[in-house]
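J.: Sharing a structure here in structure tokens format.
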Amino acid sequence: MVSLWTVIFFSLVGGVLSLSGGFLLISNKKTAGKFSNYATPFAAGALLSAAFVDLLPEASHVGDAEKALTYTLIGIIGFFILERFLHWFHHHHVHDENGPKDPTVSLLVIGDTLHNFIDGIAIGSAFLLNSQTGIVVTLAVAAHEIPQEIGDFGLILDKGMSRLKVIYVNIFSALATTVAAIIFFKLGDSHGLSLDGILGLIAGMFIYIAVSDIIPTIHENEAKKIAGPQTIMLLVGVIGVSLLTNFMHQYIDTDSHEPNSSSTVINQ
479 MVSLWTVIFF SLVGGVLSLS GGFLLISNKK TAGKFSNYAT PFAAGALLSA
529 AFVDLLPEAS HVGDAEKALT YTLIGIIGFF ILERFLHWFH HHHVHDENGP
579 KDPTVSLLVI GDTLHNFIDG IAIGSAFLLN SQTGIVVTLA VAAHEIPQEI
629 GDFGLILDKG MSRLKVIYVN IFSALATTVA AIIFFKLGDS HGLSLDGILG
679 LIAGMFIYIA VSDIIPTIHE NEAKKIAGPQ TIMLLVGVIG VSLLTNFMHQ
729 YIDTDSHEPN SSSTVINQ
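479 is the number of the first residue of the sequence shown in my numbering; add one for each residue after it.
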């Protein structure tokens, strides 16, 4: 069984890696922009590989494949609805706000914190299965968050917040990842949770983020000189996470998670 300290450690590592993109922006905006051009497609590949090479096969192994796929679909639709609501709330709030105060910064911070909290749920859930899947999910989340944080840091800086305050705000927001990972891991430790469904939901989230959010962003950049390198970076993300997954499952010993029913659960 994975220890709580392992979950805390890797969720913090994931948070630090995620913030590294924002710190790069603050130190060198031009370099951060170039880095983001290649980190973004890598993140898409990493998320897709984590979903299809690790999460869905694991979900099928510990439980029912049909149930896992159903929850994957639920995850995709659920995150679509969540994203639509957040976009509507942002638009409605901004246009209904009277007075000189710009609410965009607060909404950005709230949205980023919620996003980090959901990432923490994914990390905590993955560690309920075993350490290999937990580490793969943590790295996939970090790969996605690095270019995301570059964008978030840039937006908040453009709104006039000082660099030091931006750092403090984003560190506080990143802690939501660790808090959520701890809460969900402890809940799974003390209550019976259907891992095939949970892993399916996480896979759905990863697929939605990669296909709906990241890849369309890549297509928006029509510069021919980076089209080839971006395609290569997407493939590097897919292959890299696939190799990492195979390595983790072959060489790191963890508790066996053979299913003893149609849906494996965590019980204490």
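For every residue, glycine included, the Cβ atom is placed at its ideal position computed from N, Cα and C.
(1) Assess contact between the region 499-508 and the region 613-628, defined as three or more Cβ pairs (one per stretch) separated by less than 8 Å. Is contact present?
(2) Kindly give me the distance between the Cβ atoms of G612 and I601, rounded to whole angstroms, as I take these residues to be in contact under 8 Å.
(3) Suppose contacts are defined by Cβ-Cβ distances below 8 Å. Is N648 in contact with L497 by that definition?
(4) Check whether the Cβ atoms of H687 and H622 sit closer than 8 Å, and answer yes or no.
(5) If we ignore side chains and look at the alpha-carbon of each, how far apart do L551 and V716 end up?
(6) Name the residue from L673, Q708 and P694 whose alpha carbon lies nearest to the alpha carbon of N515.
(7) What's the C-alpha gap between L617 and A528?
(8) If you run the structure through DSSP and keep just helix, strand and coil, what is S489?
(9) Is L673 buried or exposed, if buried means 16 or more other CB atoms sit within 10 Å of its CB?
(10) Secondary structure at S672, three-state DSSP: helix, strand or coil?
(11) Return the chain-ordered list of same chain residues with a C-beta closer than 7 Å to the C-beta of A652, the five sequence neighbours on each side being excluded.
(12) Ordered along the chain, which non-local residues of its own chain (more than five positions away) have a Cβ less than 7 Å from that of T656?
(13) Measure the CB-CB distance between L585 and G678 and report whether it falls below 8 Å.
(14) State buried or exposed for P694, treating a residue as buried only when at least 16 other CB atoms are found within 10 Å of its CB.
(15) Give the range of the alpha helix (DSSP H) segment to which A688 is assigned.
(16) Report buried or exposed for A658, applying the criterion of at least 16 other Cβ atoms within 10 angstroms of its Cβ.
(17) What separation, rounded to the nearest whole angstrom, lies between the Cα atoms of P535 and Y549?
(18) With 16 other CB atoms within 10 Å as the buried threshold, where does D590 fall?
(19) According to the neighbour-count rule (16 or more other Cβ atoms, all chains shown, within 10 Å of its Cβ), is L722 buried or exposed?
(20) Could you name the residues of the same chain whose beta carbon sits closer than 6 Å to that of A604, not counting the 5 residues immediately before and after it, in chain order?
(21) I need the straight-line Cα distance from T518 to I692, nearest angstrom please.
T.: According to the structure shown:
(1) Counting Cβ pairs under 8 Å, three or more are found: they touch.
(2) That belief holds up - the Cβ atoms of G612 and I601 are roughly 7 Å apart, short of 8 Å.
(3) By the CB criterion at 8 Å, N648 and L497 fall inside the cutoff.
(4) According to the sequence provided, residue 687 is Ile. The question's His does not apply to it. For I687 and H622, yes; Cβs fall inside 8 Å.
(5) The straight-line gap from Cα to Cα measures roughly 21 Å.
(6) Here the closest residue by C-alpha is Q708.
(7) Going from the Cα of L617 to the Cα of A528 covers about 9 Å.
(8) Note: S489 maps to helix in three-state DSSP.
(9) L673 comes out buried.
(10) Three-state result, S672: strand.
(11) Result list for A652: G493, S496, L497 and N594, in chain order.
(12) For T656, where only same-chain residues beyond five positions count, the Cβ hits under 7 Å are I486, S489, L490, G493 and G598.
(13) At least 8 Å separates the beta-carbon of L585 from that of G678.
(14) Classification for P694: exposed.
(15) Run containing A688: none; DSSP gives neither H nor E here.
(16) Under this definition A658 is a buried residue.
(17) Going from the Cα of P535 to the Cα of Y549 covers about 14 Å.
(18) Per the 10 Å Cβ criterion, buried.
(19) With 16 or more other Cβ atoms inside 10 Å of its own Cβ, L722 counts as buried.
(20) Contacts found: T611, G612 and V615.
(21) Taking the straight line joining both Cα atoms gives about 7 Å.
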